[in-house]
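Residue numbers (the working numbering), protein chains in the order written: chain A, 17 to 118; chain B, 20 to 269.
Don't be surprised by glycine CBs; every beta carbon is placed ideally from N, CA and C.
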């Protein structure tokens, strides 16, 4: 898509995310009963984020070595339980270092 | 502050209490919003776009998806419908979060109060609100929301401004910060639950398989992500049938 479509995209997603938050809040005041539906919706963010990361991450930092190094740093720190800002900053720093050295 | 004190306190004090309780969220959001804004500028977004998204979306995953799927410096980029659908799928969980938060509001909360609560729905704010031992009031939720939104929009402005000052060869590697953020969300959840680990690995395998298809039959990348994610979550629910107990996902 072209840059001209960016404003309509942002407004459309804004409207959709507002309705997704507001409609259940306003209309449905009882919990969801279907355990399968609850499990499915609960897993969706993780599965979509995971698919976004692999393989996209390998072309995210300019070059493959920089991207792979940054991804490895992010995985290691996340496994060690480091917080989100730390993981993000470390991955960017490692990727930048590899870019500058190459 | 005990539940009794909070109930006795006036709306202004309750608002301040919510504001203070969300300060850790405020600082975390500031850092994440900075990286999303910086990545957006690195990918050729106009400077107004990150701020408009932060003001109107208030969603790290969907803003991250827009920036992650669109690269205006590349010769071709993802399509409008793919990206819009992906964002909506990512934000579906807010409907569940809104339900969870709705359960914590005092009975009889009116539509105006529910509007404030709806605008406040993010993973972190709902987690804080739901973890309180007391029923949360609208001024309290408003305090959580204002504090978090200041961090989110402040971080976005800093990201746009900071990137303008950085040399280009330092901006390109910042693009990975966005993916690292997703790693930081997914890895702890996958580590804590075998079901989530299965789901995450299935999504990765599916998406890599789709990306290896010949170009003539390969779906656009944002659509491939959506298909892989939905299929993996569905397969996981089939492979690990939930027990009878209903719980609202975090």
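- With a cut-off of 8 Å on Cβ pairs, the stretch 192 to 201 of chain B is in contact with the stretch 75 to 91 of chain A, counting three or more such pairs.
- Against chain B, the CB of residue 36 of chain A has a partner CB under 8 Å away; the residue lies at that interface.
- Rounded to the nearest whole angstrom, the CA to CA distance from residue 27 of chain A to residue 86 of chain B is 15 Å.
- Here residue 88 of chain B carries a helix assignment [DSSP, helix/strand/coil].
- Sorting B:48, B:149, B:97, B:35 by C-alpha distance to the C-alpha of residue 167 of chain B places B:48 at the top.
- No residue range can be given for residue 64 of chain B, since it is assigned to no alpha helix (DSSP H) and is classified by DSSP as neither H nor E.
- When Cβ pairs closer than 8 Å are counted between the two stretches, the stretch 81 to 93 of chain A is seen to touch the stretch 101 to 111 of chain A, the count reaching three or more.
- With fewer than 16 other CB atoms across the displayed protein chains lying within 10 angstroms of its CB, residue 232 of chain B is exposed.
- For residue 240 of chain B, the uninterrupted alpha helix (DSSP H) segment begins and ends at 240 to 258.
- Judged by DSSP in its simplified three-state form, residue 192 of chain B adopts helix.
- Contact between the stretch 86 to 106 of chain B and the stretch 50 to 65 of chain B is present: 3 or more CB-CB pairs across the two stretches fall below 8 Å.
- Within the same chain, Cβ atoms closer than 8 Å to the Cβ of residue 66 of chain B are found at 60, 179, 183, the five residues on either side in sequence being excluded.
- If you check each beta-carbon in the stretch 95 to 106 of chain B against every beta-carbon of chain A, the ones closer than 8 Å belong to 96, 97, 98, 99, 102, 103, 105, 106.
- For the 8 Å CB-CB criterion, residue 38 of chain A and residue 134 of chain B form a contact.
- At a cut-off of 8 Å between beta carbons, residue 255 of chain B contacts chain A.
- Distance between residue 43 of chain B and residue 101 of chain B, taken at the CA atoms: about 34 Å.
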